[in-house]
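J.: Using the numbering used here, read the sequence shown as starting at 33 and increasing by one per residue.
Glycine included, each C-beta is placed from N, C-alpha and C at the ideal position.
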Amino acid sequence: MSSDQLEAATVRPIQEQVPMTTTIALLGAGGKMGVRLASNLRGSRFAVRHVEPGEAGRARLRDELGIECIERDAALDGAAVVILAVPDTLIGRVAAEIAPRLRPGTMVMTLDAAAPFAGHLPKRDDLAYFVAHPCHPPIFSAELRRDGKPDFFGGGHAPQSIVSALMQGSPADFDLGEEIARTIYAPILRSYRVTVEQMALLEPGLSETVCATLLCVMRDAMDEVVARGVPRDCARDFLLGHMTILAAVTFGEIPGAFSDACNKAIEFGKPRLMRDDWRAVFEREEIAESIRRIT
33 MSSDQLEAAT VRPIQEQVPM TTTIALLGAG GKMGVRLASN LRGSRFAVRH
83 VEPGEAGRAR LRDELGIECI ERDAALDGAA VVILAVPDTL IGRVAAEIAP
133 RLRPGTMVMT LDAAAPFAGH LPKRDDLAYF VAHPCHPPIF SAELRRDGKP
183 DFFGGGHAPQ SIVSALMQGS PADFDLGEEI ARTIYAPILR SYRVTVEQMA
233 LLEPGLSETV CATLLCVMRD AMDEVVARGV PRDCARDFLL GHMTILAAVT
283 FGEIPGAFSD ACNKAIEFGK PRLMRDDWRA VFEREEIAES IRRIT
């Protein structure tokens, strides 16, 4: 399949909104992700029931968004969609607690593939299980800072792409879940449909095991240079500036190529820094073990 065909198969166009109200129970509404979701769901066609057990979270919703919470059982009663905006380590327990109260056809939505991949969702063939995760704004986005205000996470003013997976359910469930994902993570660049296993390759595989690890190594390298006498601000400006131009060339944002000297440094540096079998982190067993540690 060509890259154009692949994009046509996985990138979904914005669809017309259905003029009706769908009720969502948002569990964990007062947490960091919950407040982000609650904010973006305001003014949408979705009627949201907010659930937050912690008083600090309830106060945050009240003070920042003017939102009052209700008890969990009342929120679940007749809800068409339940969003679990709770830590990965709690999803299995929370899902097991609420499953008996959900009517057939209800959608349970998680914000990460870890718990679904690990099999932590209850066995209920009559429920729809949906996962949606943000890509976060790309580092080359012109909208990362607007009027001096950064939006590195997304869901504010900087557009980002999203990735969604339907673990079980119907095509209509995928459409509904993707519409919700477009709402909670807006503004959206592109929306991709993948499988739960593919999403696990993206996170924790690509984004955390590889990207976050290598970024930490780069920070450690900067600290090492500073320890050897280079002024900290100088080392930081030098590293971040080179990250920008080197990433722009590597990911094709600008035409160009590395210098011969840079290519020689990479030829020596990669085997010095990376094990020959590093790609094994994407093997299913490795992904499963990483998710086991997370959940």
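Check residue 54 in the structure and name its three-state DSSP category.
T.: Sequence index remark: in the sequence shown, residue 54 carries index 22 (1-based). Note: residue 54 maps to strand in three-state DSSP.
J.: For residue 270, count the other beta carbons within 10 Å of its own beta carbon; 16 or more makes it buried, fewer makes it exposed. Which is it?
T.: As a working note, residue 270 is residue 238 in the sequence shown. Exposed, since its Cβ has fewer than 16 Cβ neighbours within 10 Å.
J.: Measuring CB atoms only, is the region 207–222 touching the region 155–168, in the sense that at least three cross pairs come out at less than 8 Å?
T.: Cβ pair count under 8 Å is three or more, so yes.
J.: What are the start and end residues of the alpha helix (DSSP H) that includes residue 146?
T.: The residue given as residue 146 occupies position 114 in the sequence shown. Unbroken alpha helix (DSSP H) run through residue 146: 146–149.
J.: Determine, using beta-carbon pairs with one atom in the region 93–103 and one in the region 113–126, whether at least three such pairs fall under 8 Å.
T.: Counting Cβ pairs under 8 Å, fewer than three are found: no touch.
J.: Let me check one thing: in DSSP terms, what residues is residue 82 bridge-paired to?
T.: In the sequence shown, residue 82 corresponds to position 50, counting from 1. For residue 82, which the question treats as bridged, DSSP gives the partners 58.
J.: With distances taken from CA atoms, which of 90, 268, 229 and 79 is nearest residue 252?
T.: Your numbering for residue 252 matches position 220 in the sequence shown. Nearest option by C-alpha distance: 268.
J.: Around the Cβ of residue 52, are there at least 16 other Cβ atoms within 10 angstroms (buried) or fewer (exposed)?
T.: Within the sequence shown, residue 52 is the residue found at index 20, counting from 1. Classification of residue 52: exposed, given that the 10 Å Cβ count is below 16.
J.: Looking at residue 79 and residue 69, is the spacing between their C-beta atoms short of 9 Å?
T.: The residue you call residue 69 lines up with position 37 of the sequence shown. The residue you call residue 79 lines up with position 47 of the sequence shown. For residue 69 and residue 79, no; Cβs fall outside 9 Å.
J.: Using 9 Å as the threshold, is the C-beta distance between residue 206 and residue 225 below it?
T.: Numbered from its first residue, the sequence shown carries residue 206 at position 174. Numbered from its first residue, the sequence shown carries residue 225 at position 193. Yes, these two residues count as a Cβ contact at 9 Å.
J.: Who are the Cβ neighbours of residue 186 in its own chain at under 8 Å, not counting the five residues just before and after it?
T.: Your numbering for residue 186 matches position 154 in the sequence shown. Only 166, 167, 168, 169, 192 and 217 meet the Cβ criterion.
J.: Please report the straight-line C-alpha distance between residue 148 and residue 291, rounded to a whole angstrom.
T.: Taking the first residue of the sequence shown as 1, we reach residue 148 at position 116. Taking the first residue of the sequence shown as 1, we reach residue 291 at position 259. C-alpha separation (whole angstroms): 45 Å.
J.: Distance, Cα to Cα, residue 228 vs residue 208?
T.: Within the sequence shown, numbered from 1, the residue matching residue 228 stands at position 196. Within the sequence shown, numbered from 1, the residue matching residue 208 stands at position 176. Going by the C-alpha atoms only, they are around 17 Å apart.
J.: Where in the region 185–267 do unbroken runs of the beta strand (DSSP E), each at least 3 residues long, occur, reported from the N-terminal end onward?
T.: DSSP runs (the beta strand (DSSP E)) wholly in the region 185–267: 192–200 and 220–226.
J.: Which residues does DSSP list as the beta-bridge partners of residue 140?
T.: As a first step, residue 140 is located in the sequence shown; it is residue number 108 there, counting from the start. Residue 140 is bridged to 114 and 161.
J.: Could you have a look at residue 324 and say whether DSSP puts it in helix, strand or coil?
T.: Taking the first residue of the sequence shown as 1, we reach residue 324 at position 292. Of the three classes helix, strand and coil, the one that applies to residue 324 here is helix, per DSSP.
J.: Let's test the definition: count the other Cβ atoms within 10 Å of the Cβ of residue 247 and tell me whether it reaches 16, buried, or not, exposed.
T.: To locate residue 247, count along the sequence shown from 1; it is residue 215. By the neighbour-count rule (16 or more Cβ atoms within 10 Å), residue 247 is not buried but exposed.
J.: Just confirm the distance between the C-beta atoms of residue 57 and residue 107, as a whole number of angstroms; I'd bet it's less than 8 Å.
T.: For the purposes of this step, residue 57 is taken as residue 25 along the sequence shown, with counting starting at 1. For the purposes of this step, residue 107 is taken as residue 75 along the sequence shown, with counting starting at 1. Indeed, because the Cβ distance is near 4 Å, the residues count as touching under 8 Å.
J.: Which word fits residue 322, buried or exposed, when buried means at least 16 other C-beta atoms lie within 10 angstroms of its C-beta?
T.: As a first step, residue 322 must be located in the sequence shown, where it is residue number 290. Buried is the call here.
J.: State yes or no: is the C-beta of residue 285 within less than 9 Å of the C-beta of residue 146?
T.: Position 253 of the sequence shown, counted from the start, is the residue given in the question as residue 285. Position 114 of the sequence shown, counted from the start, is the residue given in the question as residue 146. No, the Cβ-Cβ distance between residue 285 and residue 146 is not below 9 Å.
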